[in-house]
Amino acid sequence: MAKDPDARAPMDAIETPVGDRPNRPQYGSDVAALCLGALDIPYIALNPGASYRGFHDSLVNFLGNRAPRMLLCLHEEHAVAIAHGYAKVTGKAMAAAVHSNVGLMHATMAIFNAWCDRMPVLVIGATGPLDATRRRPWIEWIHTARDQGALVRDYTKWDDQPASAAAVPESFARAKWLAETVPQGPVYVNLDAGMQEGALDAPVVLPDFGRLMPATDTGAGSRAIADAAALIRAARSPVFLMGRVTRSPDAWRARVALAEALGARVLTDLKVGAAFPTDHPLHAGVPGVYPSPEAARAVRDADLIVSFDWTDLNGTFAKIFDADRPTAKIIQISPDHQVHNGWSMDYQALPPADLMIAAGPDTVIPDLCAALDIPIPDAGPLPRPPVTPGDALPETVEELTVAHVAAALRRALAGERVSLSHLPLSWDGGYWPLRHPLDFLGSDGGGGVGAGPGVTVGAALALKDTDTMVVGICGDGDFLMGLTSVWTACHYRLPLLIVVVNNRTFYNDEVHQERVANQRGRPPENKWIGQRMSDPDIDLSALASAQGAEGFGPVRSVEQLTDSLARAAEVVRAGGVAVVDVHVATGYTPAFQAALKSED
Numbered sequence: 083m084a085k086d087p088d089a090r091a092p093m094d095a096i097e098t099p100v101g102d103r104p105n106r107p108q109y110g111s112d113v114a115a116l117c118l119g120a121l122d123i124p125y126i127a128l129n130p131g132a133s134y135r136g137f138h139d140s141l142v143n144f145l146g147n148r149a150p151r152m153l154l155c156l157h158e159e160h161a162v163a164i165a166h167g168y169a170k171v172t173g174k175a176m177a178a179a180v181h182s183n184v185g186l187m188h189a190t191m192a193i194f195n196a197w198c199d200r201m202p203v204l205v206i207g208a209t210g211p212l213d214a215t216r217r218r219p220w221i222e223w224i225h226t227a228r229d230q231g232a233l234v235r236d237y238t239k240w241d242d243q244p245a246s247a248a249a250v251p252e253s254f255a256r257a258k259w260l261a262e263t264v265p266q267g268p269v270y271v272n273l274d275a276g277m278q279e280g281a282l283d284a285p286v287v288l289p290d291f292g293r294l295m296p297a298t299d300t301g302a303g304s305r306a307i308a309d310a311a312a313l314i315r316a317a318r319s320p321v322f323l324m325g326r327v328t329r330s331p332d333a334w335r336a337r338v339a340l341a342e343a344l345g346a347r348v349l350t351d352l353k354v355g356a357a358f359p360t361d362h363p364l365h366a367g368v369p370g371v372y373p374s375p376e377a378a379r380a381v382r383d384a385d386l387i388v389s390f391d392w393t394d395l396n397g398t399f400a401k402i403f404d405a406d407r408p409t410a411k412i413i414q415i416s417p418d419h420q421v422h423n424g425w426s427m428d429y430q431a432l433p434p435a436d437l438m439i440a441a442g443p444d445t446v447i448p449d450l451c452a453a454l455d456i457p458i459p460d461a462g463p464l465p466r467p468p469v470t471p472g473d474a475l476p477e478t479v480e481e482l483t484v485a486h487v488a489a490a491l492r493r494a495l496a497g498e499r500v501s502l503s504h505l506p507l508s509w510d511g512g513y514w515p516l517r518h519p520l521d522f523l524g525s526d527g528g529g530g531v532g533a534g535p536g537v538t539v540g541a542a543l544a545l546k547d548t549d550t551m552v553v554g555i556c557g558d559g560d561f562l563m564g565l566t567s568v569w570t571a572c573h574y575r576l577p578l579l580i581v582v583v584n585n586r587t588f589y590n591d592e593v594h595q596e597r598v599a600n601q602r603g604r605p606p607e608n609k610w611i612g613q614r615m616s617d618p619d620i621d622l623s624a625l626a627s628a629q630g631a632e633g634f635g636p637v638r639s640v641e642q643l644t645d646s647l648a649r650a651a652e653v654v655r656a657g658g659v660a661v662v663d664v665h666v667a668t669g670y671t672p673a674f675q676a677a678l679k680s681e682d
């Protein structure tokens, strides 16, 4: 039975403080809280900790839990994942607070995911007083680090530890500015507990934040645009690789206009969000983690390849051309080299390029259209096509597959405007046409299992006042590692649907064990040992119900699948949270299997 959301307080009425509030900052942490409000940070996801007890008090008893509003999370990794999901929709940073060194250690994988995904997140940490004479015995010593930012410095754009309340405004301004400047990424600001709890000895006046965070010119120079336009004009069979781009409807229109005017074939990638309509006649094949056969043919036949910040350009060429490299001219449009460092290899192999434009694709494309005399449709709301029904399902099957789940989900949500916040590796890009920039938000970025539920909650937070239903499709391992983020969605009335494609195993690693066994002449039949999550099966719907969601399943038949998804959709339409546990057969799509086999 679906819970009645009308019987519960709306999000804005949850956790409302009582009593009077000071009208001016009195402590260092008051200044930090005030800065977040002045910087238009709407939310701060957190797991509580004594290292920022002063900051927590300021958010509640000075700001009144408004602007930013706190979102209680049950794990620091989920707090950052929620901020990551919010950024995927908005392109803006919300905050996540983590407790001292230990909370930051919990959060590191989610920070790494946001880093690899090039998404802005403002992570706020804390440490026991750096002044040793002010530390409480034992606990504040083990929760104090001399250089806490070193834990995440190699996968954040910037980190800081302001030594005084007066230094906090500039620190927060720089953090938000850098996080949201292309190429985007997470940042970390550490607040000394002594600074937080110390009374102000003089008023701190907030600066004009707008002047501290000027818009940066991330466009290309006229010479580079002219050179690119000349190469495009001369091309007979250009191919566009649409990679890391924004959720902007205007930018979407510009991409479509450019491709249509030139008749360019277009590839997209499921590692990042929707970038071009996947059922458009110019779209080559279906999107995937690796290029489909049709996409590979388009690239091989091209005389010009334009990469619009394509993720792993050289790796794509290696898949398509084997030991060779393309003879076509290559234009690389990307600012990503600006954040490459020597610790993380997430930047992939160095790709060949005949022309490099060090700028964000969505700033370059309008200039290219102007140089090529290509009109871009007028701005305005981009029509949001509703979900169309998929193929009819058979009445019975021996085992459900991810294909059955996709088809049943399309039929259950036909007519809805849906944003897919997360997809498993077993997903085929042909299951679900992407026709709008919000139709799919991309992968977790860093391959960190457990991000799916938290990212889904963050997307639901960003889209909570729209007509869009947020749907995350997660594997069972991903769901189990991130499931308590579902409680945060339930507590704060964030409607969403999570469908767990549950094969009861860490199947990706089964594939690896099978490959190693075959290479070594050992029994591949043993690949399941140390991988299977069965005997007993884990009751995922019960775990979801324990968080306050409506749990459905385990679903094992077509009839159950159709019924459960229809009932779950009604829960979400009524403002609730639903989780559907679907038992599916193990296996990847043929295209993904072929791509894996090519690595042998």
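Throughout the sequence shown, residue numbering follows the working numbering, covering 83 to 682 in sequence. We put the CB at the ideal spot given by N, CA and C, even for glycine.
{"Item": "Just mark Asp663 as buried or exposed, buried being the case when its beta carbon has 16 or more other beta carbons within 10 Å.", "Value": "buried"}
{"Item": "According to DSSP, is Ala127 helix, strand or coil?", "Value": "strand"}
{"Item": "What ranges does the beta strand (DSSP E) occupy inside the segment 142-189, keeping only unbroken runs of at least 3 residues that lie completely in it?", "Value": "151-154, 177-179"}
{"Item": "How many Å lie between Ala281 and Asn105 at the Cα?", "Value": "15 Å"}
{"Item": "Residues in its own chain within less than 7 Å of Ala311 by CB, not counting five upstream and five downstream?", "Value": "Leu450, Ala453, Leu454"}
{"Item": "In three-state terms, what does DSSP make of Ile96?", "Value": "coil"}
{"Item": "Starting from Pro251, trace the alpha helix (DSSP H) in both directions and tell me its first and last residue.", "Value": "250-262"}
{"Item": "My guess is that Ala377 and Asn272 are in contact by the Cβ rule of under 8 Å, so how many angstroms apart are they, rounded?", "Value": "So it is not a contact: roughly 44 Å between Cβ atoms."}
{"Item": "Between which two residues does the beta strand (DSSP E) containing Lys401 stretch?", "Value": "Not the beta strand (DSSP E): Lys401 falls in the alpha helix (DSSP H), residues 395-403."}
{"Item": "Would you say the segment 236-251 touches the segment 259-272, given that touching needs at least three Cβ pairs under 8 Å?", "Value": "yes"}
{"Item": "Leaving aside the five residues before and after Ala161 along the sequence, list all residues of the same chain whose C-beta is less than 6 Å from its C-beta, in chain order.", "Value": "Ala127, Leu128, Asn129, Cys155, Ala178"}
{"Item": "Find out if the Cβ-Cβ distance for the pair Ile413, Leu313 is shorter than 8 Å.", "Value": "yes"}
{"Item": "Rounded to the nearest angstrom, what separates Thr668 and Val637 at their Cα positions?", "Value": "15 Å"}
{"Item": "Buried or exposed: where does Asn40 fall if 16 or more other Cβ atoms within 10 Å of its Cβ makes it buried?", "Value": "The structure shown does not extend to residue 40, since the chain is modelled only from 83 to 682, so the question has no answer here."}
{"Item": "Quick check: Leu523 and Ala542, are their CB atoms within less than 8 Å of each other?", "Value": "no"}
{"Item": "Between which residues of its own chain and Gly511 is the CB-CB distance below 7 Å, once the five residues before and five after are set aside?", "Value": "Leu352, Thr360, Val368, Pro369, Gly370"}
{"Item": "Grab me the residues of Asn600's own chain with a C-beta within less than 6 Å of its C-beta, minus the 5 sequence neighbours each way, in chain order.", "Value": "Pro606"}
{"Item": "Identify, in the order they occur along the chain, each residue of the same chain with its Cβ nearer than 7 Å to the Cβ of Cys117, setting aside the five sequence neighbours on each side.", "Value": "Val250, Pro251, Phe254, Leu288"}
{"Item": "Any idea if Gly612 is buried or exposed, counting beta-carbon neighbours within 10 angstroms, 16 or more meaning buried?", "Value": "exposed"}
{"Item": "Would you list, in sequence order, the uninterrupted alpha helix (DSSP H) runs of no fewer than 4 residues that lie entirely inside the segment 342-415?", "Value": "375-383, 395-403"}
{"Item": "Buried or exposed for Ile402, please, with buried defined as at least 16 other CB atoms from any protein chain shown within 10 angstroms of its CB.", "Value": "buried"}
{"Item": "Drop a sphere of 10 angstroms on the beta-carbon of Ser683, count the other beta-carbons inside from all chains shown, and report buried for 16 or more, exposed for fewer.", "Value": "Residue 683 is absent from the model: the chain starts at 83 and stops at 682."}
{"Item": "Can you tell me which residues form a DSSP beta bridge with Gly207?", "Value": "Asn272"}
{"Item": "Do Met152 and Glu97 come within 8 Å of each other at the CB atom, strictly closer than that value?", "Value": "yes"}
{"Item": "Evaluate contact between the segment 187-203 and the segment 583-597, counting only Cβ atoms and requiring at least three cross-stretch pairs below 8 Å.", "Value": "no"}
{"Item": "Tell me which residues share the same chain as Val760 and place their Cβ nearer than 6 Å to its Cβ, disregarding the 5 neighbours each side in the sequence.", "Value": "With the chain covering only 83 through 682, there is no way to say anything about residue 760."}
{"Item": "Buried or exposed: which applies to Pro519, given that a residue is buried once 16 or more other Cβ atoms fall within 10 Å of its Cβ?", "Value": "buried"}
{"Item": "In angstroms with no decimal places, state the Cα-to-Cα distance between Phe144 and Lys546.", "Value": "26 Å"}
{"Item": "Buried or exposed: which applies to Pro468, given that a residue is buried once 16 or more other Cβ atoms fall within 10 Å of its Cβ?", "Value": "exposed"}
{"Item": "Go through the segment 502-575 residue by residue and report every complete run of the beta strand (DSSP E) that reaches 3 residues or more, in order.", "Value": "550-557"}
{"Item": "Would you call Glu477 buried or exposed, if buried means 16 or more other Cβ atoms sit within 10 Å of its Cβ?", "Value": "exposed"}
{"Item": "Quick one: what does DSSP say Leu432 is sitting in, helix, strand or coil?", "Value": "coil"}
{"Item": "Taking all protein chains shown into account, do 16 or more other C-beta atoms lie within 10 angstroms of the C-beta of Asn195, making it buried, or fewer, making it exposed?", "Value": "buried"}
{"Item": "When we look at the beta-carbon of His419 and count the other beta-carbons within 10 Å, is it buried (16 or more) or exposed?", "Value": "exposed"}
{"Item": "Would you verify that the beta carbon of Tyr372 is, or is not, closer than 8 Å to some beta carbon of chain D?", "Value": "Judged by its chain identifiers, the structure shown contains no chain D, having just a single protein chain."}
{"Item": "Measuring alpha carbon to alpha carbon, tell me which of Glu498, Pro471, Tyr372, Gly146 ends up nearest Trp392.", "Value": "Tyr372"}
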